Structures are given as C-alpha cells and as structure tokens.
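Number of protein chains: 2
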Amino acid sequence: MALLDSDASVDVRDLMQDMGDRARQAARAIALAPTDMKNAALLAIAAGIRARSGEVLEANVRDLAGMRQRDVTPAYQERATLNTERVEAIAQAVEAIAALPDPVGDEIAAWERPNGLKISRVRPPLGVIGIIFESRPNVTVDAAALAMKSGNASILRGGSDTIETNQALYAAIAEGLESVGLPADVVQLVPIRDRAAVGELLTGLNGTVDVIVPRGGKSLVARVQAEARVPVFSHLEGVCHVYVDKAADLEMALDVVVNAKMRRTSICGAAETLLIDAAADRFVGPLVCALQKAGCEVRGDADIQAMAEGVVPASEDDWSTEYGDAIITVGLVNGVEGALDHIARFGSSHTESILTQDEMVAAKFLNECDSAIVMHNASTQFADGGEFGMGAEIGIATGRMHARGPVGLEQLTSFHYVVRGTGQTRPV
Amino acid sequence: MALLDSDASVDVRDLMQDMGDRARQAARAIALAPTDMKNAALLAIAAGIRARSGEVLEANVRDLAGMRQRDVTPAYQERATLNTERVEAIAQAVEAIAALPDPVGDEIAAWERPNGLKISRVRPPLGVIGIIFESRPNVTVDAAALAMKSGNASILRGGSDTIETNQALYAAIAEGLESVGLPADVVQLVPIRDRAAVGELLTGLNGTVDVIVPRGGKSLVARVQAEARVPVFSHLEGVCHVYVDKAADLEMALDVVVNAKMRRTSICGAAETLLIDAAADRFVGPLVCALQKAGCEVRGDADIQAMAEGVVPASEDDWSTEYGDAIITVGLVNGVEGALDHIARFGSSHTESILTQDEMVAAKFLNECDSAIVMHNASTQFADGGEFGMGAEIGIATGRMHARGPVGLEQLTSFHYVVRGTGQTRPV
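For the protein sequence lines, the chains are A and B, in the order given.
The first sequence begins at 1 in my numbering and counts up by one.
The second sequence begins at 1001 in my numbering and counts up by one.
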C-alpha cells in the first residue's frame, strides 16, 4: 500500500479494521507455509533490500530532512539514520533468521494413555502480531522476518518520522513474499502517519490481532500496556540489580559488576543498582572505585558516601531509575534477605544477579527472586536471546504469561493438543 | 471474613482493592511453601469440610430457601444443592489434588552455552488468580485447591445465590491453611453479594491479579472476556465437530459419533455438529439412524433430509449452536478441505475430530485444524484434563496464549530463566 498523503481523507478505523481482516486471511497462508517456502521468501527479501538500497537511502534522506525541520533531537535522528553498512546489516539479519530452526509443528511433549490414545503438544503459530515501534528502521524488517519465520502474519506500525524509509523497506518485503507465492498481506505496514492508528491497533481490531509487541521507549510501552485490549509482550524498563554477597569472590565481583553496568549502558540488561551485603562493607571501596575508574557516576546513601570517595548522594527515586547511562546507585542490604526485599520493592522483574561462592545462599536467591531472568555469578548483560542461544529476539518480556525473558521464535508460537486414537470412545 | 450483611455500607472498590493487596502479600508465602506444607494444608481442608458437613448443609438449606423465594429455575437449584454425598465428594476431590505432583520448581528445559553458562527454564507459580463462578458450590473448594497446589493465591467470587454455602466451605479452607502456618489470605472469598465486585475484580485490582478464570455459562464468560483487563483462561463455548471422511470405518464411526454426542450432552467436549464427506453419502443413513436410536434429535440441510428419515430442517444458526442437549446438526462437506473450511467458519476453536482410515487425510486435518484439541479416530468427549492424564483441571481454554486446552496445575504456573555462571562477563 502506498503512503497515503492526506490522512484527513482516511477513516482510520476502517483502514485499520481492513488491515486486521486481511492479516487474519493471510495468517492461514503463512501458518501452513512449509519451512523451505518461508526461508526462500526471507532470502528474497534480503536480496530485495540490497537491490533497493539506493531507494531506501533516498527515502531515509527525505525522512531526515523532515525531522530536522521538526527539531527532532540529534540522538533520535542518529537512530533513524541509515547508510550503506546499516542497510547491509538489515539484509544480513534477515538471512540469519532464515538460517534459524523453524519452531512451527515442533512436538513439545508426547505421551500415551492407558486406553491407547496418543496425545502430543504441537506448536502452531500464534496468528497475527501487531508490532508498534519508534525510530529505528531496522525493526521494520527484523520484526517482520521474525513474525514470518514463526508462521505469523504481522501488522507493523513504525514511527511516523521514518515512514518513507519504512515504506521503501516494505516494498522489498512485499516483493519477497509474492516471489514465492505468499500473499503480501502476510506483512502489512500501516500507511498513515495519524497516531489514531496506534489506538485502533491496540483494540485488537475485533479479534483479528492476537498479541501486541511494542519496541521503543518507556512512554510508548507504558501507553501500550495501559491501553491494549489484547495480550502484550513487553518490558516497561530494566532496573536490573547485582547483589554482592559477603561470600562473593572480590576479584570476580569487580569484573562482573563493571561489565554488568558499563559494557553497554543503554541496553535493558545493564545493571542500574548495586546491592552490597552489609556484612561485607570492605567490598564497598574497591567496587565503587572500579566503577568510577571505568567512567561511571556512583550514587549512594549516607553509608556508601562515608565509605568511598566521590559518591553522589542518592535520592529515593534513584532506586527505581533505569539510567540507560553510566550511572549506578549503590546501597547496603542485610544479606540475601535484604537483597530480595529490596528487589521486590524497587525492581522491574527483568534480570537480577547474585555474586557469591556460597551455594546455599545462591540457591535461596535463585529460588525466591521472581524476575524473568535470575543469575548466579554472571553479568546481567547476558539477558539477551542471542546470548541464550535462541537466535534473534523480538524483545524481552517481563509479564508472567506465555512469553517471559527473551522473546524469540518459539515464544511467537502457540501450542495445541493432537490426539491420535483407534476408535476410542469415552466410558460413561 | 464474615458475610457482610448490608452491601450498601461497603465501598466495593476499597474492599476489592484490599483483597487484591492481601492476595499479593499472601502470594509470596504460598509461592515459597514446600510441597509437603501445601499437601498438609489440603488434607486439613478435606478433614475440615467433613467435620463441618452439618454447618455446610445448613447454610445450603438457607441458600436454597432464598432461591425458591426468588423463583430461581429448578435446574439451577439442583446444581446449587448439596447433600452428604456431595460434600464427601468435595472433600475427596481436595485429597485427589493433594496427591497430584507439584509443578512448582520443575525444570522444564536446561542447556549449556559455549561460554559455560548453564541456563534452565523453571516453573514459578503465576501469582494471583481471580476465579469467578456461578451456582456450583464444589467449585469454591476445587478452584481454591488447584490454585493453592500450584503455588498461587486466589480470590474467589461465587454466585450470590450460594454465598452462605460458600462461606461455610471457606471456613474450612481458612482453617486448613492456618493449621499449617500459611496465611488464610492465600484463598479469599468475596464476602458481598453486590455484582459490582465482579467488575472490580476484572480490572485486575491495580496489577494485583494476574489472570482471571471464569467458570459458568456463556453469558458469564462473555462478560469476563469483554471486560477483563488482565488475561483470561476460558472457553466461551464448545461447538465441537466430528468429520466422517469417505475413508472412515463405518462401524467405528457409528460408535464414536454416538459417544461424542450422547455420552454426556452437557459437557463442553460434546459434539454439536456432524460433518459427512459428500463422497460417502452412504454413511448418512446409518449415522442419522444410530443417533436417533440413541435419543438424539437430528437436524440437517436439504441433502440430509432427503437421505434420512425424521430429520428436522436446520437453520443457519444451528451450525454455530452449542446445544448442550440431545440435538445434533448434520451436513455434507466436500472432503477434508470442506470440513476444515466449515470448522474455520463456524467452530469455536475447542475440539474437533476426524474419523478416517486414510493417514494422509488425517495428517492434513491434524496439521491444518487449529482448535485447542484436534483428534483422529477418537471421541470429542475425551477433551478433559483427567482423560489427558493431567489430573484435575480448572477448565478448558480456547485462547492461544499460555494455557490452551485443559487448564491443569502446570498451566497455572509461569516460567522464568535461571542462569548459573562462574563469573562470566559479556564480551564487547
């Protein structure tokens, strides 16, 4: 669908409902498509993106010009900018998804009943996935490819600032699908800038959308979580904790804490709070010093300020802040119980790690901490589908239903029961 | 909490929010309770129900008197009626749940990464379950026991007609929990008749309720599905199909079709529609005759009426009706493709069965039919957690997320990732 110039002439509700209806139709085609066909479509999409690289970059130049006129922040413009290398990376990511195993049709479990019925749990796709994202144009292709490979139809709603870039990329997706005989409607891109389209998508479009995946900042995710009438796979924020127990190995703790905070400060698995066992306050000085030396601002309560140099006083808000930057808040807690209480109060259920050589204390933490990912003696920066061996992920989920932690291809499938009999009837 | 006599004096929103907050507190206690403690509580509850049998029956007499004054239908009164045998059956059901394996803490999957990180998926409980049900008082105890055994806190809202019976049963639940040192708030029963309580529960009570399970008729389930702001495990209806293929064994088909419809006509897995391959219209006469002989009214389109005696003309609505009674609608379809199309159009995604000796045709049906349960050469009446070997179930779910098909103890748990390292940091 071409970009519709004048949003005013469009009935947004009708447009979106039509997209939902077409997605539901296309969902059956992609659900039943064999793995070879899906992979052929993905490779055709990757080739198409390379072939259309010039058009994509021209569209991106137009989008960026618009953003400059609207005084969009330089950081936002940077995320929205494509160049030849970034377009090549997008194509390669699609090829990587083609190379992943297809979860559709996998038998997850199988058993036989005393009456001879053979029961198995098998994975069908989820159905139709609505994906709402912001400035990064690579999400357009990445999300569409993950949804497709897992047998789902998708409706993509990208940021209005990059709509021309997304349209250019979408042309390659539609062509790739059609080149193998799949309907282009397997992936649809919302063709209008009007933000009312997001509100419509969040209604589930009369049951045609099965799940919504938001990818973007906290305000986008918060809106989606508050308004969606269908299930959402998302995390609002990653206020990740590292707890250094009195039985920690200090050398390991210095490595892991600095890595958990500083390897990349912008990812959701970066540590934001360091909790130190009050029975091991000798660790405070070295840990604070190592973080500062790595370029991190350290904030702390009165105890921490008294024990280390150059600590900025922490406010109450600091304990629940995801900085996404080279800042960490440090506090003392009373052992593993104190750490668990602190995390239950201030955490975001994303990823937490305990550093200790005491296996009993580690077991208590792993058993009682109920975040999506709990770790022992490892950096929280491993909270990632690729690092988990799942291949690409569409995001991290902190909800408790269906998908939790990295959302990869398997998490984009459902399951159902297949029962094979030889004429069994149920006794009265 | 005692039954509050005058609903008018209660702020329903405050009351329900307080229940949500207390459930969330209690959820941590039951999540961490060892299996032995949960089983001891369940056995104490069963003993308490037997000990309080007299009080329960007296409360039930008062509820029934109220229903007669309000001209409640005899069928409804029958479902709400307890007697000594029914109370004993309730106690035995709790003992059966105590005997089931505990899913909490189960390791579902485990693998090791090249860097030595050991990753596993482990089941924690879901959290807090809201259960909304109608007249049957056994649901009070059954649902509470299933939620507890799977490590969840629960908030029960029973039908206002049986509130005194439910209160008497609840006294045994609270005592049983406290007798082993668990908080009584692990299970709470809404103590007011005001229906506004249901609306509040459906909001999720500010994030304190993780999932809602409705147990009752279509109007209750429809309201819950339409209004709930949290995930729902439910099925609106079970319009289950049996498709008899031209390659079916007629003798098997006669057995299975009659069983699927007539063994118990009121359960959700009972067949409501019989589809017969048009290439095997010789099956129509014997199948219709066998159903009629078993006491079933047969409705059909013009083709079926022409091929068999005593067939009632079917209206368009018949194809999507769950009779819950000794009525079935019969139609011809063009092979397995026609059956799949018919089911996609009129089905309720619950349970469908194909009868055929042709393995290729069966494979097509099992692969392409996307209901929660798909069967080959078996009666749809097997759609039941007990028959699947799952032990007791809290219901059947037709949604595509998290729980699908019979909802047993495992489906009342979540999962999260446990990562064990030896100091690994993530390379840049």
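Where is the CB? At the ideal position from N, CA and C, for every residue including glycine.
As the structure is a prediction and not an experimental result, all values here were calculated from the model.
>> What would DSSP say about E134 of chain A, mapped onto helix, strand or coil?
In response: Mapped onto the first sequence, residue 134 of chain A falls at position 134. If DSSP states are grouped into helix, strand and coil, E134 of chain A belongs with coil.
> Would you call the CB atoms of R299 of chain A and V288 of chain A closer than 8 Å?
Replying inline: Taking the first residue of the first sequence as position 1, residue 299 of chain A is located at position 299. Taking the first residue of the first sequence as position 1, residue 288 of chain A is located at position 288. Not in contact: R299 of chain A and V288 of chain A (Cβ atoms no closer than 8 Å).
>> Let me make sure I understand the geometry here. Which of B:R1264, B:P1114, B:D1358, B:L1236 has the alpha-carbon closest to that of A1500 of chain B?
In response: Since the first residue of chain B shown is 1001 and the last is 1428, residue 1500 of chain B is not available in this structure.
> Between which two residues does the beta strand (DSSP E) containing I1192 of chain B stretch?
Replying inline: The count along the second sequence starts at 1 and reaches residue 1192 of chain B at position 192. Looking at the DSSP string, I1192 of chain B is not in any beta strand (DSSP E), and its letter there is neither H nor E.
> Of all the options B:G1347, B:L1291, B:A1308, B:G1338, which has the alpha carbon lying nearest to the alpha carbon of D1317 of chain B?
Replying inline: Here residue 1317 of chain B refers to the residue found at position 317 when the second sequence is read from its first residue. When each option's Cα is compared against that of D1317 of chain B, the closest is B:G1347.
> Taking the alpha-carbon positions, what's the E1095 of chain B to G1216 of chain B distance?
Replying inline: Locating residue 1095 of chain B in the second sequence gives position 95, where the first residue counts as 1. Locating residue 1216 of chain B in the second sequence gives position 216, where the first residue counts as 1. In a straight line, the C-alpha of E1095 of chain B is about 24 Å away from that of G1216 of chain B.
>> What does the Cβ neighbour count give for Q411 of chain A, buried or exposed, with the cut at 16 atoms within 10 Å?
In response: Stepping through the first sequence from its first residue, residue 411 of chain A is reached at position 411. Buried is the label assigned to Q411 of chain A, since at least 16 other Cβ atoms lie within 10 Å of its Cβ.
> What residues in the segment 1206-1222 of chain B bring their beta carbon closer than 9 Å to a beta carbon of chain A?
Replying inline: Within the segment 1206-1222 of chain B, the residues whose Cβ lies closer than 9 Å to some Cβ of chain A are D1210, V1211, listed in chain order.
>> Is it the case that the segment 171-183 of chain A contacts the segment 200-211 of chain A, given that we only count it when at least three CB pairs across the two stretches are under 8 Å?
In response: No, because fewer than three Cβ pairs between the segment 200-211 of chain A and the segment 171-183 of chain A fall closer than 8 Å, the two stretches do not touch.
> Along the segment 245-273 of chain A, what residues have a CB closer than 9 Å to any CB found in chain B?
Replying inline: Hits within the stretch, in order: D249, E251, M252, A253, D255, V256, V258, N259, A260, R263, R264, G269.
> Is the CB of H1342 of chain B under 8 Å away from at least one CB in chain A?
Replying inline: One-based indexing of the second sequence puts residue 1342 of chain B at position 342. Output row for H1342 of chain B: interface = no.
> In terms of residues, what are the limits of the beta strand (DSSP E) holding A1174 of chain B?
Replying inline: In the second sequence, the residue the question calls residue 1174 of chain B occupies position 174. Where A1174 of chain B is concerned, there is no enclosing beta strand (DSSP E), although the alpha helix (DSSP H) it sits in stretches over 1163-1179.
> Taking the runs of the alpha helix (DSSP H) that are 4 residues or longer, which of them lie wholly in the segment 1047-1112 of chain B?
Replying inline: Segments of the alpha helix (DSSP H) lying fully in the segment 1047-1112 of chain B: 1053-1069, 1074-1080, 1084-1099.
> Nearest-angstrom Cα distance between G116 of chain A and G421 of chain A?
Replying inline: In the first sequence, the residue the question calls residue 116 of chain A occupies position 116. In the first sequence, the residue the question calls residue 421 of chain A occupies position 421. Cα to Cα, G116 of chain A sits roughly 7 Å from G421 of chain A.
> Considering only residues of the segment 319-353 of chain A, which uninterrupted alpha helix (DSSP H) runs meet the minimum length of 4 residues and lie entirely inside it, listed in chain order?
Replying inline: Counting only runs of at least 4 residues, the segment 319-353 of chain A fully encloses the following alpha helix (DSSP H) elements, listed from N- to C-terminal order: 335-346.
> If we count the other Cβ atoms within 10 Å of its Cβ and call it buried at 16 or more, is A1171 of chain B buried or exposed?
Replying inline: Numbered from 1 along the second sequence, position 171 holds the residue referred to as residue 1171 of chain B. A1171 of chain B is buried by the Cβ-count criterion.
>> Quick check on T1203 of chain B - is its C-beta less than 8 Å from some C-beta in chain A?
In response: Numbered from 1 along the second sequence, position 203 holds the residue referred to as residue 1203 of chain B. It does not; no Cβ of chain A falls within 8 Å.
> If R404 of chain A and H1342 of chain B are in contact, beta carbons under 8 Å, what's the gap, nearest whole angstrom?
Replying inline: The count along the first sequence starts at 1 and reaches residue 404 of chain A at position 404. The count along the second sequence starts at 1 and reaches residue 1342 of chain B at position 342. Their Cβ separation, rounded to whole angstroms, is 37 Å, which puts R404 of chain A and H1342 of chain B out of contact at 8 Å.
>> Taking its Cβ as the centre, do 16 or more other Cβ atoms sit within 10 Å of N1083 of chain B, making it buried, or is it exposed?
In response: Reading the second sequence from its first residue, position 83 is the one you call residue 1083 of chain B. Exposed, because fewer than 16 other Cβ atoms sit within 10 Å of the Cβ of N1083 of chain B.
> Less than 8 Å separating the beta-carbons of A41 of chain A and L182 of chain A?
Replying inline: Indexing the first sequence from 1 puts residue 41 of chain A at position 41. Indexing the first sequence from 1 puts residue 182 of chain A at position 182. Yes, Cβ-Cβ distance for A41 of chain A and L182 of chain A is below 8 Å.
> Counting Cβ pairs closer than 8 Å, one from the segment 1139-1148 of chain B and one from the segment 1094-1108 of chain B, do we hit at least three?
Replying inline: Enough Cβ pairs lie closer than 8 Å, so yes.
>> Quick check on the burial criterion: 16 or more other C-beta atoms within 10 angstroms. Buried or exposed for Q1381 of chain B?
In response: Numbered from its first residue, the second sequence carries residue 1381 of chain B at position 381. Per the 10 Å Cβ criterion, buried.
> In chain A, which residues lie with their C-beta within 9 Å of the C-beta of L1032 of chain B?
Replying inline: Here residue 1032 of chain B refers to the residue found at position 32 when the second sequence is read from its first residue. Near L1032 of chain B (Cβ distances below 9 Å), the residues of chain A are N367, E368.
> Are the C-beta atoms of N377 of chain A and some chain B residue less than 8 Å apart?
Replying inline: Mapped onto the first sequence, residue 377 of chain A falls at position 377. True, the Cβ-Cβ gap to chain B drops below 8 Å.
> Which whole-angstrom value describes the C-beta separation of I155 of chain A and G130 of chain A, a residue pair presumed to lie in contact below a C-beta threshold of 8 Å?
Replying inline: Position 155 of the first sequence, counted from the first residue, corresponds to residue 155 of chain A. Position 130 of the first sequence, counted from the first residue, corresponds to residue 130 of chain A. With 8 Å as the limit, I155 of chain A and G130 of chain A qualify as a contact, their Cβ atoms being about 5 Å apart.
>> So, at 7 Å on beta carbons, what are the nonlocal neighbours of K261 of chain A in its own chain, with the 5 sequence-adjacent residues on each side left out?
In response: Position 261 of the first sequence, counted from the start, is the residue given in the question as residue 261 of chain A. A270, A271, L291, C296, I328.
>> So L126 of chain A contacts chain B; which residues on that side make the cut at Cβ distance below 9 Å?
In response: For the purposes of this step, residue 126 of chain A is taken as residue 126 along the first sequence, with counting starting at 1. Within 9 Å of the CB of L126 of chain A, the CB atoms of chain B belong to R1400, M1401, in sequence order along the chain.
> Between which two residues does the alpha helix (DSSP H) carrying G1399 of chain B extend?
Replying inline: In the second sequence, counting from the first residue as 1, residue 1399 of chain B sits at position 399. First-last for G1399 of chain B: undefined, no H or E at that position.
>> Does T1073 of chain B pass the burial test, meaning 16 or more other C-beta atoms within 10 Å, or should it be called exposed?
In response: Here residue 1073 of chain B is taken as the residue at index 73 of the second sequence, counted from 1. Burial state of T1073 of chain B is exposed, judged by a 10 Å Cβ sphere holding fewer than 16 other Cβ atoms.
> Taking the Cβ atom as the reference point for each residue, do E1352 of chain B and H1235 of chain B lie within a distance shorter than 8 Å?
Replying inline: Sequence index remark: in the second sequence, residue 1352 of chain B carries index 352 (1-based). Sequence index remark: in the second sequence, residue 1235 of chain B carries index 235 (1-based). No, the Cβ-Cβ distance between E1352 of chain B and H1235 of chain B is not below 8 Å.
> How big is the Cα-Cα spacing for T1081 of chain B and I1267 of chain B?
Replying inline: Along the second sequence, one-based indexing puts residue 1081 of chain B at 81. Along the second sequence, one-based indexing puts residue 1267 of chain B at 267. Looking at the backbone, the Cα of T1081 of chain B and that of I1267 of chain B are separated by about 19 Å.
> What does a CB cutoff of less than 7 Å around L1169 of chain B pick up in its chain, not counting 5 residues either side in sequence?
Replying inline: Start at 1 with the first residue of the second sequence, and residue 1169 of chain B comes out as number 169. Cβ within range, chain order: I1049, V1056, P1137, T1140, V1141.
> Can the beta-carbon of V256 of chain A be found closer than 8 Å to that of A363 of chain A?
Replying inline: As a position in the first sequence, residue 256 of chain A is number 256, starting the count at 1. As a position in the first sequence, residue 363 of chain A is number 363, starting the count at 1. Inclusion of V256 of chain A and A363 of chain A in the CB contact set at 8 Å is not warranted, their separation being larger than that value.
>> Less than 8 Å between CB atoms is the rule here; does M1001 of chain B satisfy it with respect to chain A?
In response: Along the second sequence, one-based indexing puts residue 1001 of chain B at 1. Summary for M1001 of chain B: the model assigns pLDDT 47, below 50, so the residue's position carries little reliability; its value from the coordinates is reported in the next sentence. Judged by the 8 Å Cβ criterion, M1001 of chain B is not in contact with chain A.
> With 16 other CB atoms within 10 Å as the buried threshold, where does M360 of chain A fall?
Replying inline: Locating residue 360 of chain A in the first sequence gives position 360, counting from the first residue. Burial check for M360 of chain A: the Cβ neighbour count within 10 Å stays below 16, so the residue is exposed.
> Mind listing which residues of the segment 1313-1324 of chain B have their C-beta closer than 8 Å to chain A's C-betas, in chain order?
Replying inline: Legend: CB atoms of the segment 1313-1324 of chain B lying less than 8 Å from CB atoms of chain A are not found in any residue.
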